[in-house]
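Novice: Below is the structure I would like to discuss, written out as structure tokens.
2 protein chains.
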Amino acid sequence: MKHESSFTYAKEDEVSNKKNVNYQLPLFEKMLGNTENFQDISELFKMLITKDRASLAKAITLVESTHPQKQKKSQFLLTKVLKHLKEENQHSIKAPQSFRIGLSGPPGSGKSTFIEVFGKYLTGKGHRVAVLAVDPSSSTSGGSLLGDKTRMPELSRDLSAYIRPSPSSGTLGGVTRTTNEAIVLCEGGGYDIILVETVGVGQSEFAVADMVDIFCLLLPPAGGDELQGIKKGIVEVADVVIINKCDGDLMPAARRIQAEYTSALKFMRPRSRVWRPKVTCISSLEKNGIPELWNTLQDFQRSSFAAGELISRRERQLKLWLWNHIRDHIMGRFEKHSTVKSLMPMMEELVVKGHVTPGLAADYLLRQFITNSGEKVESL
Amino acid sequence: MKHESSFTYAKEDEVSNKKNVNYQLPLFEKMLGNTENFQDISELFKMLITKDRASLAKAITLVESTHPQKQKKSQFLLTKVLKHLKEENQHSIKAPQSFRIGLSGPPGSGKSTFIEVFGKYLTGKGHRVAVLAVDPSSSTSGGSLLGDKTRMPELSRDLSAYIRPSPSSGTLGGVTRTTNEAIVLCEGGGYDIILVETVGVGQSEFAVADMVDIFCLLLPPAGGDELQGIKKGIVEVADVVIINKCDGDLMPAARRIQAEYTSALKFMRPRSRVWRPKVTCISSLEKNGIPELWNTLQDFQRSSFAAGELISRRERQLKLWLWNHIRDHIMGRFEKHSTVKSLMPMMEELVVKGHVTPGLAADYLLRQFITNSGEKVESL
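Line order of the protein sequences matches chains X and V.
Using my numbering, the letters of the first sequence correspond one by one to residues 1108 to 1487.
Using my numbering, the letters of the second sequence correspond one by one to residues 1108 to 1487.
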């Protein structure tokens, strides 16, 4: 908890930056270990930055792998891509090279149709668009089972667009790590707009909000009581609320919902000095409101970049993910610990039935975990 | 994350309950270790359940101690109190013995005055009221520095009320554990209404919402844009929003705010099958609206108890705290680890500046943590 709220950053200046480079090189080597036989990755990197789609697909697959040697290779590749992006970025100091747009919405809000229409609009304006999905529950949710080619038939044939099917399995921690790293690879592959969408349910909406520059919530024209499957608190983290299906018979309802959300958003604590959340109406069906929405998103990008908020948001997210990965990994080890695993159901029962306090049960389980930690360290 | 959202409980039936008791006794002993020299705690327990105020104070101090032997004694005491409460509860199956009410509100909402007036109203009706504070940031916030006797002069002289000054220091994890355990001790000491208030700022509001039967948010008559210090998302977890200072010149503003919050709450996802969040206006100054508020709270208690939600909420909270304590403890160990501590600033800098991915930095730090875990295990 505490790592999510308190951050302090030093201003990056040339001198300290050069100093860093000196101590980084040996540290990188130490962190990555032996990389002598990684020529294939150097080749992959060279192809990736020439905007080769097949290399991007291969690179993301590498990042998704849980095989230790492949994970090491993926880190080697990512470090190269990060360095490349840093060098590229030196020539464009007016704006960041990419715009990371998060999109979430309950089932029935029309996400796939919206991405299809919005994506085509953007490629039509000369952008290169990558679509990534965060879906830790793909085995139970219907969305991804349809297949991304069926979901977005036109965009998937568009040569300026790259749609990555959702990783087929994994915990939220694993999927978020993969998605965060896939964003970097897409940027290395020359995509300037990265759309990150949630397909599944659960905590993934908040995870997406923490990996993008702007978080958009897509809603059908329906009020709070009617809406199913929308996460508690998610409206409060939205930078833009998009009311979809603002067409035909639904038009009056959509306008009413727009007014109600605009009023409701006034009660949310502002998160930016330069941006107040906006509510905008669109129709994916009639392709109405798309240019206006894109203007709104660009307004956000311009003003938050000028105020330094875009950069500080990305820095805050990087730090947050560092801590999230650590927490996920350590808790994963705890949960998989054989003694803990065998004791946990009984402990939970004792706690829930009020026989022992959560504190005593936690102490006891932690003692088992720490004194029996001779278990083999896996996946490190 | 995942433990906060998915719970399944088996219905408690007599047979399985009796079975549990059999395997619990040796386990308790094993969990607590040697308790032969704990006669003083048995004495303290006997005094506590006779509603002796000094014993309650002493018991809470014991629970707040970080001394290992005292922590062991406090667990011995808590287990006794839990057992006592279970036995007592068998005679009152119509309602739980206690009503745990959470109260949070931004600075300027008039929390102390409200608790003074509301507490006196409840003791006047024959209730015994305990007031506990959650304040992990007491050294920086003004609230607790005033001292609880100054904050609530009348209630602190009331023999049917017990006001516990906020623990003077500690992390959020430490303070929440202490508060959770103090609630149990107050119930053992015969208090039937436990008011848990947040004094500090930060994440403590959510922590309080997770340790009570009903969570009330106290607000001054001011809209979202004017309100400072109200946590993002906190309105969504409130069961009752209380607009204070509904008197004199502020009356029209208070009524307007009430209408606006009532409308805003419609956009929040309902968390209960039997309860929709209410917005109620009161005046602590003119003592208006207090009986009506108490009726609202009792309505909540009755309906959610009848629907089984009160019990399942408490069970869910116990499980949540078990996992929270584990997470806090393990992350605390990680942060205090000497190698991690010395490497962390550099790692954060490398990540924030985009030289390495959060995943690679996390892997590297975790490797240091695990391979150098020969450090002495403290406070277990």
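Don't be surprised by glycine CBs; every beta carbon is placed ideally from N, CA and C.
Does L1151 (chain X) come within less than 7 Å of chain V when only Cβ atoms are used?
Specialist: Sequence index remark: in the first sequence, residue 1151 (chain X) carries index 44 (1-based). So no, L1151 (chain X) is outside the interface.
Novice: Going by other Cβ atoms of all chains shown within 10 Å of its Cβ, with 16 needed for buried, is D1356 (chain X) buried or exposed?
Specialist: Sequence index remark: in the first sequence, residue 1356 (chain X) carries index 249 (1-based). By the neighbour-count definition (other C-beta atoms within 10 Å, threshold 16), D1356 (chain X) is an exposed residue.
Novice: Just to confirm before moving on: does the CB-CB distance between V1238 (chain X) and I1270 (chain X) stay below 7 Å?
Specialist: For this step, residue 1238 (chain X) is matched to residue 131 along the first sequence. For this step, residue 1270 (chain X) is matched to residue 163 along the first sequence. Cβ distance < 7 Å, so V1238 (chain X) and I1270 (chain X) count as in contact.
Novice: Tell me where the alpha helix (DSSP H) around R1378 (chain V) begins and ends.
Specialist: Here residue 1378 (chain V) refers to the residue found at position 271 when the second sequence is read from its first residue. Here R1378 (chain V) belongs to no alpha helix (DSSP H), and DSSP marks it neither H nor E.
Novice: Just to make sure I have the definition right: I need the residues of chain V whose C-beta is within less than 7 Å of the C-beta of W1401 (chain X). Which are they?
Specialist: Walking along the first sequence from the start, residue 1401 (chain X) turns up at place 294. Neighbours of W1401 (chain X) on chain V: none; closest Cβ ~26 Å, over 7 Å.
Novice: Which two residues bound the contiguous alpha helix (DSSP H) that contains G1226 (chain V)?
Specialist: If you number the second sequence from 1, residue 1226 (chain V) lands on position 119. Element bounds for G1226 (chain V): K1218 to G1231.
Novice: Using a 10 Å radius around the Cβ and a threshold of 16 neighbouring Cβ atoms, would you call Y1471 (chain V) buried or exposed?
Specialist: The residue labelled residue 1471 (chain V) in the question sits at position 364 within the second sequence. Buried, because 16 or more other Cβ atoms sit within 10 Å of the Cβ of Y1471 (chain V).
Novice: So does the stretch 1379–1394 of chain V actually touch the stretch 1402–1418 of chain V, counting three or more Cβ pairs closer than 8 Å?
Specialist: Touching, per the Cβ criterion.
Novice: So does R1160 (chain X) have its beta carbon nearer than 6 Å to some heavy atom of the ligand FMN?
Specialist: In the structure shown, the ligand FMN is absent, as is every other ligand, since no ligand is present at all.
Novice: Whole angstroms is fine: what's the gap from A1345 (chain X)'s alpha carbon to A1360 (chain X)'s?
Specialist: As a first step, residue 1345 (chain X) must be located in the first sequence, where it is residue number 238. As a first step, residue 1360 (chain X) must be located in the first sequence, where it is residue number 253. So the two alpha carbons sit approximately 21 Å from each other.
Novice: Can you list the residues of chain X that K1394 (chain V) reaches, using a CB-CB cut of under 8 Å?
Specialist: Translated into the one-based positions of the second sequence, residue 1394 (chain V) becomes position 287. Neighbours of K1394 (chain V) on chain X: none; closest Cβ ~28 Å, over 8 Å.
Novice: When DSSP labels each residue in this structure, what does S1390 (chain V) get in the three-state scheme?
Specialist: Taking the first residue of the second sequence as position 1, residue 1390 (chain V) is located at position 283. In the three-state DSSP reduction, S1390 (chain V) falls in the strand class (E or B).
Novice: Give me the subset of the stretch 1186–1218 of chain X whose CB atoms are less than 8 Å from a CB atom of chain V, sorted by chain position.
Specialist: T1186, L1189, K1190, L1192 and K1193
Novice: Tell me which same chain residues have a C-beta within less than 6 Å of the C-beta of L1372 (chain X), skipping the five on either side of it?
Specialist: Position 265 of the first sequence holds residue 1372 (chain X). Answer for L1372 (chain X): P1384, listed in chain order.
Novice: Taking the CB atoms as reference points, tell me whether D1320 (chain X) and H1234 (chain X) lie closer together than 7 Å.
Specialist: As a first step, residue 1320 (chain X) is located in the first sequence; it is residue number 213 there, counting from the start. As a first step, residue 1234 (chain X) is located in the first sequence; it is residue number 127 there, counting from the start. No, they are not a contact pair.
Novice: With a threshold of 7 Å on Cβ separation, who are the neighbours of T1403 (chain V) within its own chain once the five nearest residues in sequence on each side are excluded?
Specialist: Counting from 1 along the second sequence, the entry for residue 1403 (chain V) is found at position 296. Here the set comprises V1347, K1385 and T1387.
Novice: Is N1395 (chain X) helix, strand or coil by DSSP?
Specialist: Looking up residue 1395 (chain X) in the first sequence gives position 288. Residue state, collapsed to three classes: strand.
Novice: When the Cα atoms are used, what is the spatial distance from L1324 (chain V) to E1343 (chain V)?
Specialist: As a working note, residue 1324 (chain V) is residue 217 in the second sequence. As a working note, residue 1343 (chain V) is residue 236 in the second sequence. Rounded to whole angstroms, L1324 (chain V) to E1343 (chain V) spans 10 Å at the Cα level.
Novice: Please tell me whether Q1176 (chain X) has its Cβ less than 7 Å away from any Cβ of chain V.
Specialist: In the first sequence, counting from the first residue as 1, residue 1176 (chain X) sits at position 69. No, because no Cβ of chain V sits closer than 7 Å to the Cβ of Q1176 (chain X).
Novice: Which word fits N1144 (chain V), buried or exposed, when buried means at least 16 other C-beta atoms lie within 10 angstroms of its C-beta?
Specialist: Looking up residue 1144 (chain V) in the second sequence gives position 37. Residue burial is scored here from C-beta neighbours: N1144 (chain V) has fewer than 16 other C-beta atoms within 10 angstroms and is therefore classed as exposed.
Novice: Report the residues of the stretch 1288–1304 of chain X with a CB closer than 9 Å to any CB of chain V, ordered along the chain.
Specialist: Taking 9 Å as the Cβ-Cβ cut-off against chain V, the residues of the stretch 1288–1304 of chain X that qualify are E1288 and V1291.
Novice: Within 10 Å of its beta-carbon, does T1464 (chain X) have 16 or more other beta-carbons around it, so buried, or fewer, so exposed?
Specialist: Taking the first residue of the first sequence as position 1, residue 1464 (chain X) is located at position 357. Per the 10 Å Cβ criterion, buried.
Novice: Please tell me whether K1426 (chain X) has its Cβ less than 7 Å away from any Cβ of chain V.
Specialist: Sequence index remark: in the first sequence, residue 1426 (chain X) carries index 319 (1-based). For K1426 (chain X), the answer is yes, since a Cβ of chain V falls inside 7 Å of its Cβ.
Novice: Going along chain X in order, which residues have a C-beta closer than 9 Å to the C-beta of F1441 (chain V)?
Specialist: Along the second sequence, read from residue 1 onward, the residue named residue 1441 (chain V) stands at position 334. Neighbours of F1441 (chain V) on chain X, chain order: I1433, R1434 and I1437.
Novice: Can you tell which of V:V1447, V:G1461, V:G1396 and V:A1316 has its C-alpha closest to the C-alpha of R1423 (chain V)?
Specialist: As a first step, residue 1423 (chain V) is located in the second sequence; it is residue number 316 there, counting from the start. The residue with the shortest Cα to Cα distance from R1423 (chain V) is V:A1316.
Novice: Against chain X, with Cβ distances strictly below 7 Å, would T1516 (chain V) count as a contact?
Specialist: Within the shown structure, residues of chain V are numbered from 1108 to 1487, placing residue 1516 (chain V) beyond reach of any answer.
Novice: Counting along the chain, where does the beta strand (DSSP E) carrying E1304 (chain V) start and finish?
Specialist: Indexing the second sequence from 1 puts residue 1304 (chain V) at position 197. First-last of the beta strand (DSSP E) with E1304 (chain V): I1300 to T1305.
Novice: Shorter than 7 Å from the beta carbon of M1138 (chain V) to some beta carbon of chain X?
Specialist: Walking along the second sequence from the start, residue 1138 (chain V) turns up at place 31. M1138 (chain V) counts as touching chain X.
Novice: If you draw a straight line from the C-alpha of L1253 (chain X) to the C-alpha of P1214 (chain X), how long is it?
Specialist: Taking the first sequence and counting its residues from 1, the one referred to as residue 1253 (chain X) is at position 146. Taking the first sequence and counting its residues from 1, the one referred to as residue 1214 (chain X) is at position 107. Here L1253 (chain X) scores only 49 on pLDDT, less than 50, and its place in the model should not be relied on; the value that follows carries that caveat. If I take the Cα positions, the gap works out to 13 Å.
Novice: Mapping the DSSP letters down to three states, classify Q1475 (chain X) as helix, strand or coil.
Specialist: As a first step, residue 1475 (chain X) is located in the first sequence; it is residue number 368 there, counting from the start. Helix, per DSSP.
Novice: By DSSP's criteria, S1211 (chain X) is part of a beta bridge. Which residues make up the other side?
Specialist: Locating residue 1211 (chain X) in the first sequence gives position 104, where the first residue counts as 1. Paired residue(s): X:L1324.
Novice: Do we get a CB-CB distance below 7 Å when we pair A1468 (chain V) with the residues of chain X?
Specialist: The residue given as residue 1468 (chain V) occupies position 361 in the second sequence. It does; some Cβ of chain X falls within 7 Å.
Novice: Pair every Cβ in the stretch 1182–1191 of chain V with every Cβ in the stretch 1145–1154 of chain V, then say whether three or more of these pairs are closer than 8 Å.
Specialist: The stretch 1182–1191 of chain V is in contact with the stretch 1145–1154 of chain V.
Novice: State yes or no: is the beta carbon of R1284 (chain X) nearer than 7 Å to at least one beta carbon in chain C?
Specialist: The structure shown has no chain C; the protein chains it does contain are X and V.
Novice: With DSSP as the reference, identify every bridge partner of L1163 (chain X), one or two as the case may be.
Specialist: Within the first sequence, the letter at position 56 stands for residue 1163 (chain X). L1163 (chain X) pairs with nothing; no bridge assigned.
Novice: If you drop the 5 nearest sequence neighbours on each side, which residues of the same chain put their C-beta closer than 8 Å to that of H1174 (chain V)?
Specialist: Working through the second sequence from its first residue, we reach residue 1174 (chain V) at position 67. Closer than 8 Å at the Cβ level, and outside the excluded window around H1174 (chain V), lies no residue.
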